[in-house]
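S.K.: Supplied in C-alpha cells, the structure appears directly below.
Residue numbers (the numbering used here): 649 to 912.
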C-alpha cells in the first residue's frame, strides 16, 4: 500500500518541497465545490506537485441537488483539469457536512442519481472515476448496485476499513501531521496501483496540449479564453503568479501558459 494525502484551500499555503521529503506517495487535490467554484489553491497546488514530481488525483465536493446540476459540476471539473497530468482517479465527494442537501430535502435516491450522472460523464471523457464518501454513506445512503462499477474512496478514521464492497482508496485519518503543512491533513492508503491501471488503460489523457501565449496590446483574458474555448477564470488561475491579483491588468509581453482542452 502507498500512503498519500488529500488537500484543499482549508490546508492553506503548503511547502511542497517539505512534503516531497516526507513519505507521501501521492496527493489528491480538491478541484472545487458546487457549480463553478474553483478551489483557490488548486492551480497553485497542482503546479507544485508537478514541480516536485508527486503523482496527483483530484476530487470535487458536490452540492448538486439533481442530475442536471451534477452534470454541470462534472463539466466544470473537465473544463478545469483537461490537459493536466492526472495520474490518480477523479472523485466526486458525496457527503453533507454542512447540511446543504438535507435542508433542500435531497433524498438518498437522488444522491445515487447524482453520483451516477457525475461519474458516467467523467468516465465518458476517458478518465478513471470514483466516489468518495464515509462508511455510513457508502453502507446506508448510496449503497446501490448502479454505483458498484465505480471505484470507491472510503473515509473511515480507524485502524481498519470495514467496508465490505470493493474499494481502492481508504482515508484512515483526518489528523495527520506532514512537514510543510501547518494544519492537520487527511491521510490515505491506496490499495491499488492506480498509476499503472490508468496508464495501461490509456486513461486520463485529456488532450494534453500546452500552449504559450504572448499577451499583445489590447488583449483581455476573456478574448484570449475565447480563442482557446475555455473559461477566462481557468487561464487566470493557471497564471495567477504571473498576472497578479487583478485579472484585468495584463501586460503586453507577459507569457501565459494555457492547457488547452476543448469543451463538450
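We treat Cβ as the ideally placed atom computed from N, Cα and C, and that holds for glycine.
Does DSSP classify residue 910 as helix, strand or coil?
M.R.: In the chain shown, counting from the first residue as 1, residue 910 sits at position 262. Note on residue 910: pLDDT 40, under 50, position unreliable in the model; no value is reported.
S.K.: DSSP state of residue 653, grouped into three classes?
M.R.: Walking along the chain shown from the start, residue 653 turns up at place 5. Three-state result, residue 653: strand.
S.K.: Using 8 Å for Cβ pairs, my map puts residue 830 next to residue 820. What's the rounded Cβ distance?
M.R.: As a first step, residue 830 must be located in the chain shown, where it is residue number 182. As a first step, residue 820 must be located in the chain shown, where it is residue number 172. The pair is not a contact, with the Cβ atoms about 21 Å apart (cut-off 8 Å).
S.K.: Going by Cα to Cα distance, which pick from 863, 696, 890 and 870 is closest to residue 732?
M.R.: As a first step, residue 732 is located in the chain shown; it is residue number 84 there, counting from the start. Ranking the options by Cα distance to residue 732, first place goes to 696.
S.K.: Return the residue from the list 669, 808 and 649 that minimises the CA-CA distance to residue 828.
M.R.: Here the question's residue 828 lines up with position 180 in the chain shown. Minimum Cα distance to residue 828 is reached at 669.
S.K.: Let me know the beta strand (DSSP E) ranges lying completely inside the segment 813-892, each 3 residues or longer, listed in chain order.
M.R.: Entirely contained in the segment 813-892, the beta strand (DSSP E) runs reaching 3 residues are, in chain order, 817-824, 833-838 and 857-862.
S.K.: Which stretch, first to last residue, makes up the alpha helix (DSSP H) that contains residue 786?
M.R.: Here the question's residue 786 lines up with position 138 in the chain shown. Premise fails: residue 786 is in no alpha helix (DSSP H) and is neither H nor E.
S.K.: For the segment 739-777, list the alpha helix (DSSP H) runs that are entirely contained and at least 4 residues long, ordered along the chain.
M.R.: DSSP runs (the alpha helix (DSSP H)) wholly in the segment 739-777: 748-751 and 756-772.
S.K.: What are the boundary residues of the beta strand (DSSP E) that includes residue 897?
M.R.: Residue 897 sits at position 249 when you count from the first residue of the chain shown. Element bounds for residue 897: n/a, residue is neither H nor E.
S.K.: In this structure, does DSSP put residue 904 in helix, strand or coil?
M.R.: Within the chain shown, numbered from 1, the residue matching residue 904 stands at position 256. It is a strand residue.
S.K.: What does DSSP give as the partner residues of residue 805 in its beta bridges?
M.R.: Locating residue 805 in the chain shown gives position 157, counting from the first residue. In DSSP, residue 805 forms no bridge with anything.
S.K.: Among 710, 771, 667 and 767, which residue has its Cα nearest to the Cα of residue 849?
M.R.: Here the question's residue 849 lines up with position 201 in the chain shown. Of 710, 771, 667 and 767, the residue nearest in Cα terms is 771.
S.K.: List the DSSP bridge partners of residue 700.
M.R.: Here the question's residue 700 lines up with position 52 in the chain shown. DSSP lists no partner for residue 700.
S.K.: Please confirm whether residue 883 and residue 902 have their CB atoms less than 8 Å apart.
M.R.: Looking up residue 883 in the chain shown gives position 235. Looking up residue 902 in the chain shown gives position 254. No.
S.K.: What number of angstroms, rounded off, separates the C-alpha of residue 825 from the C-alpha of residue 865?
M.R.: Numbered from 1 along the chain shown, position 177 holds the residue referred to as residue 825. Numbered from 1 along the chain shown, position 217 holds the residue referred to as residue 865. So the alpha carbons of these two residues sit roughly 48 Å apart.
S.K.: Ends of the alpha helix (DSSP H) at residue 683?
M.R.: Residue 683 sits at position 35 when you count from the first residue of the chain shown. No alpha helix (DSSP H) holds residue 683; DSSP gives it neither H nor E.
S.K.: Spatial neighbours of residue 763 within its chain, please: CB distance less than 7 Å, with the 5 preceding and 5 following residues excluded, ordered by chain position.
M.R.: Locating residue 763 in the chain shown gives position 115, where the first residue counts as 1. Around residue 763: 740, 742, 779, 790 and 795.
S.K.: Just the C-alpha distance for residue 906 and residue 701, rounded to the nearest angstrom, thanks.
M.R.: For the purposes of this step, residue 906 is taken as residue 258 along the chain shown, with counting starting at 1. For the purposes of this step, residue 701 is taken as residue 53 along the chain shown, with counting starting at 1. Cα to Cα, the separation comes out at about 20 Å.
S.K.: Excluding the 5 residues preceding and the 5 following residue 677 in the sequence, name in chain order all residues of the same chain whose CB lies nearer than 7 Å to its CB.
M.R.: Here residue 677 corresponds to residue number 29 of the chain shown, with the count starting at 1. Within the same chain, residue 677 has close Cβ partners 655, 690, 693, 694, 704 and 706.
S.K.: Quick check: the segment 835-850 against the segment 870-880, are at least 3 beta-carbon pairs closer than 8 Å?
M.R.: Segments in contact, no.
S.K.: May I have the straight-line CA-CA distance separating residue 909 from residue 727, to the nearest angstrom?
M.R.: Here residue 909 is taken as the residue at index 261 of the chain shown, counted from 1. Here residue 727 is taken as the residue at index 79 of the chain shown, counted from 1. At residue 909, the pLDDT of 46 sits below 50, so the modelled position is not reliable; the number obtained from the coordinates is stated separately. Approximately 7 Å, taken between the alpha carbons.
S.K.: Nearest to residue 880 by alpha carbon, out of 657, 684 and 671?
M.R.: Numbered from 1 along the chain shown, position 232 holds the residue referred to as residue 880. Of the listed residues, the one whose Cα sits closest to residue 880 is 684.
S.K.: So who's on the other strand from residue 709, going by DSSP bridges?
M.R.: As a first step, residue 709 must be located in the chain shown, where it is residue number 61. Residue 709 is bridged to 681 and 741.
S.K.: Based on the DSSP output, what are the partners of residue 799 in its beta bridges?
M.R.: Working through the chain shown from its first residue, we reach residue 799 at position 151. Looking at the DSSP assignment, residue 799 forms a beta bridge with 778.
S.K.: Can you tell me where the alpha helix (DSSP H) with residue 719 in it begins and where it stops?
M.R.: Looking up residue 719 in the chain shown gives position 71. Residues 715-729.
S.K.: For the alpha helix (DSSP H) containing residue 667, list its first residue and its last residue.
M.R.: Taking the first residue of the chain shown as 1, we reach residue 667 at position 19. 664-669 is the span of the alpha helix (DSSP H), which, as asked, contains residue 667.
S.K.: Grab me the residues of residue 724's own chain with a C-beta within less than 6 Å of its C-beta, minus the 5 sequence neighbours each way, in chain order.
M.R.: In the chain shown, the residue the question calls residue 724 occupies position 76. Here the set comprises 684.
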